[in-house]
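Colleague: Per the working numbering, the sequence shown runs over residues 1 to 215.
Glycine included, every Cβ here is placed at the ideal spot set by N, Cα and C.
For clarity, every value in this text was computed on a predicted model and none was experimentally measured.
If you scroll down you'll find the structure; I have some questions about it.
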Amino acid sequence: TMTAPNYALCADDADLTQLTDGEYSQGHFWTRKTTVGWSGARNVFVTIDLGQVQPIAGLSLNTAAGVADVRWPSHIVIFVSDDGNTWHALGDLMELFGRENLPEYGTYSVVRIFTHDLRTHGRFVQLAMQPGETYLFADEIEVYRGADELLDAEMPGPAVTDVPAHLNVEFFGLMIREQLRRDLQAVRDSIAAPGLTDEQRAAFKTRIDELAQAI
Numbered sequence: 001t002m003t004a005p006n007y008a009l010c011a012d013d014a015d016l017t018q019l020t021d022g023e024y025s026q027g028h029f030w031t032r033k034t035t036v037g038w039s040g041a042r043n044v045f046v047t048i049d050l051g052q053v054q055p056i057a058g059l060s061l062n063t064a065a066g067v068a069d070v071r072w073p074s075h076i077v078i079f080v081s082d083d084g085n086t087w088h089a090l091g092d093l094m095e096l097f098g099r100e101n102l103p104e105y106g107t108y109s110v111v112r113i114f115t116h117d118l119r120t121h122g123r124f125v126q127l128a129m130q131p132g133e134t135y136l137f138a139d140e141i142e143v144y145r146g147a148d149e150l151l152d153a154e155m156p157g158p159a160v161t162d163v164p165a166h167l168n169v170e171f172f173g174l175m176i177r178e179q180l181r182r183d184l185q186a187v188r189d190s191i192a193a194p195g196l197t198d199e200q201r202a203a204f205k206t207r208i209d210e211l212a213q214a215i
């Protein structure tokens, strides 16, 4: 299931299955019927049914942006559920992938945004995506199977029954972490400036790396 796609140039009757059909598009996503697109949506929800509870090690979203006011997604919060009713948030795929790995705006680019760092299980995987600006386009989502031992992994965080309502909490936490990272980058820039010895810089860098991990 998904938020109804509404971008006319790539909309067709196959949109419901195109995100998991294994077909990767060539050319600009917003003019290809093999892709799925949304315009003006505040949040986009896509839920994949794996058929039964499976061990999950990671996932990916193949998307495109860079020109024509199409930006990279702001957030892609991952949720998993064994029953489709109670959900657990696994974090933001954009953070897990690393925003620094995305090309700068100005050139059309296709990027598979992925993580192999999930250690969980579920029958249902839901992506709650926040477009960067007006548009969001995708052509494939892959869920990576993990070791069978993940079937016994404890679900992270609190149980959530209303994903859209819970997003407000998730986004608030993401905003705080983004601000902390900006503040920490300012400190990195400061210690790189003249005035410190190499020994002092090394000590500060160790502490900064610890804080980055904590964030």
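1) To the nearest angstrom, report how far apart ALA214 and ILE208 are at their CA atoms.
2) With ASN168 as the anchor, note down where its alpha helix (DSSP H) starts and where it stops.
3) Going by C-alpha distance, which of GLY40, PRO164, ARG32, ALA41 is nearest VAL226?
4) Any contact between the stretch 148-156 and the stretch 177-186? By contact I mean 3 or more CB pairs, one from each, below 8 Å.
5) With a floor of 3 residues, list each beta strand (DSSP E) that falls wholly inside the stretch 69-117, ordered by position along the chain.
6) Is ASP15 near ASN62, with beta carbons less than 8 Å apart?
7) Is the separation between the beta-carbon of GLY122 and that of ASP82 shorter than 8 Å?
8) Does the distance from the C-beta atom of LEU174 to that of HIS88 stay below 8 Å?
9) Quickly, what does DSSP pair MET6 with across the bridge? List them, please.
10) Under a three-way DSSP split, which group does ARG207 fall into?
11) Give the secondary structure of THR1 by DSSP, where H, G and I count as helix, E and B as strand, and everything else as coil.
12) Locate the beta strand (DSSP E) running through GLN54, then write down its first and last residues.
13) Of the residues LYS205, ALA203, THR34, VAL44, which one's Cα is nearest the Cα of TYR135?
14) Taking ALA128 and PHE79 to be in contact with their CB atoms under 8 Å, please state how far apart those CB atoms are, rounded to whole angstroms.
15) Using the C-alpha atoms, what's the distance from ILE48 back to GLY22?
16) How close, in whole Å, do the beta carbons of THR35 and SER25 come, if the pair is a contact with beta carbons under 8 Å?
17) Compare the C-beta of ALA192 with all C-beta atoms of chain D and state if any pair is closer than 8 Å.
Modeller: Taking the coordinates as given:
1) On the sequence shown, residue 214 is found 214 positions in, with the first residue counted as 1. On the sequence shown, residue 208 is found 208 positions in, with the first residue counted as 1. ALA214 and ILE208: Cα-Cα distance of roughly 10 Å.
2) Counting from 1 along the sequence shown, the entry for residue 168 is found at position 168. From DSSP, the alpha helix (DSSP H) with ASN168 extends over 163-192.
3) Outside the modelled stretch of the chain, which goes from 1 to 215, sits residue 226, for which no answer is possible.
4) no
5) 75-81, 88-92, 109-115
6) For the purposes of this step, residue 15 is identified with residue 15 of the sequence shown, where counting begins at 1. For the purposes of this step, residue 62 is identified with residue 62 of the sequence shown, where counting begins at 1. Not closer than 8 Å, so no.
7) Working through the sequence shown from its first residue, we reach residue 122 at position 122. Working through the sequence shown from its first residue, we reach residue 82 at position 82. Yes.
8) Within the sequence shown, the letter at position 174 stands for residue 174. Within the sequence shown, the letter at position 88 stands for residue 88. Not a contact, by the Cβ cut-off of 8 Å.
9) Numbered from 1 along the sequence shown, position 6 holds the residue referred to as residue 6. Checking the sequence shown, residue 6 turns out to be Asn, not Met. DSSP lists no partner for ASN6.
10) Counting from 1 along the sequence shown, the entry for residue 207 is found at position 207. It is helical.
11) For this step, residue 1 is matched to residue 1 along the sequence shown. Reduced to three states, the DSSP call for THR1 is coil.
12) Locating residue 54 in the sequence shown gives position 54, counting from the first residue. First-last of the beta strand (DSSP E) with GLN54: 44-65.
13) Taking the sequence shown and counting its residues from 1, one reaches residue 135 at position 135. For TYR135, the nearest C-alpha among the options comes from VAL44.
14) Here residue 128 refers to the residue found at position 128 when the sequence shown is read from its first residue. Here residue 79 refers to the residue found at position 79 when the sequence shown is read from its first residue. Their Cβ separation, rounded to whole angstroms, is 7 Å, which keeps ALA128 and PHE79 in contact under 8 Å.
15) Your numbering for residue 22 matches position 22 in the sequence shown. Your numbering for residue 48 matches position 48 in the sequence shown. If you take the alpha carbons of GLY22 and ILE48, they lie about 14 Å apart.
16) Counted from its first residue, the sequence shown places residue 35 at position 35. Counted from its first residue, the sequence shown places residue 25 at position 25. Indeed they touch by this definition, with Cβ atoms about 5 Å apart.
17) Going by chain labels, chain D is absent from the structure shown, which holds only one protein chain.
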